[in-house]
Amino acid sequence: MTAPTRPGLSATAEKALREAMERLFTGRPIRTDGKLTKQNLWREAGVSRATMNRATAVLVDWDNHVSHSAASKHDRAQAAEIARLRRQVRDNRNERQRLQDEVDAAATVIVALLAENTALREQLAKRSAVVVPLDRGHAVRDDHRLHAHD
């Protein structure tokens, strides 16, 4: 149902707005990119924004149609998808930061182990003691002599 139009709006302006509304709804704009916005409505109609704002009946019809249109549903679906993707980006950033923290901790441990390894190698290289291998055959013979006297 169409609400009464405010006084001060000419029939010509209302007709221009309704024709523009029809062109926008059917995807046949003449003066705009065809997006269903009020800015495109008044531009498509060739009237001022103030004139459009006085056309309350036209705006009620516009709002009713736009809120139930496929484009509006598509816009809501896109907004939901954008919100989901933003959450995913936020979660991915948090996960990346967590993994970076793990890498940093591992790098710290590696540096500490490398320093300890280097110190141990230097300590080993500085030792002056000489290791003399035991003669395994001689040690066994001595062992027999010890048991022979028992």
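Every number in this note's numbering is 19 more than the matching position in the sequence shown, counting from 1. We put the CB at the ideal spot given by N, CA and C, even for glycine. If you're wondering where the values come from, they're calculated on a predicted model, not measured in any experiment.
Would you mind sorting N113 into buried or exposed? The rule is 16 or more other CB atoms within 10 Å of its CB. With fewer than 16 other Cβ atoms within 10 Å, it is exposed.
Cα-Cα separation, R115 to V108: Going from the Cα of R115 to the Cα of V108 covers about 10 Å.
Since V77 contacts L36 with CB under 8 Å, what's their CB separation in whole angstroms? Yes, V77 and L36 are in contact; Cβ-Cβ is about 5 Å, under 8 Å.
How far does the alpha helix (DSSP H) with A32 in it reach, from first residue to last? That run of the alpha helix (DSSP H) goes A30 to F44.
Runs of alpha helix (DSSP H) wholly within the stretch 74–154 (minimum 4 residues, chain order): Runs found: 75–87 and 89–145.
Report the rounded CA-to-CA distance for A170 versus I49, giving the unit in angstroms. Absent from the structure is residue 170, since the part of the chain shown begins at 20 and ends at 169.
Go to L55, then tell me how far its alpha helix (DSSP H) extends in each direction, as first and last residue. Counting along the chain, no alpha helix (DSSP H) covers L55, and no H or E run does either.
Cβ shell of T137 (< 7 Å), same chain only, five flanking positions each side left out: Short of 7 Å from the beta carbon of T137, and not among the five residues preceding or following it, lies no beta carbon of its own chain.
Under the rule that 16 or more other beta-carbon atoms within 10 Å means buried, what is E6, buried or exposed? Residue 6 cannot be examined here, being either before or after the span of the chain that is shown, 20 to 169.
Is it buried or exposed for L139, if we count other Cβ within 10 angstroms and need 16 for buried? Exposed.
Using the Cα positions of K57 and A74, report the straight-line distance between them to the nearest angstrom. A74 has its alpha-carbon roughly 12 Å from the corresponding atom of K57.
Quick one: residues in its chain with C-beta nearer than 8 Å to the C-beta of E38, no 5 flanking neighbours on either side, listed in chain order? Once the five neighbours on either side are set aside, the close Cβ partners of E38 are A64.
Cβ pair L43, L55 closer than 8 Å: Cβ atoms of L43 and L55: closer than 8 Å.
Where does R47 fall in DSSP's three states? DSSP places R47 in coil when its eight states are reduced to three.
Give me, in chain order, the residues of the same chain whose beta-carbon lies closer than 8 Å to that of G46; leave out the 5 immediate sequence neighbours on both sides. A distance below 8 Å between beta-carbons, with the five flanking residues on each side excluded, links G46 to the following residues of its chain, in chain order: G53.
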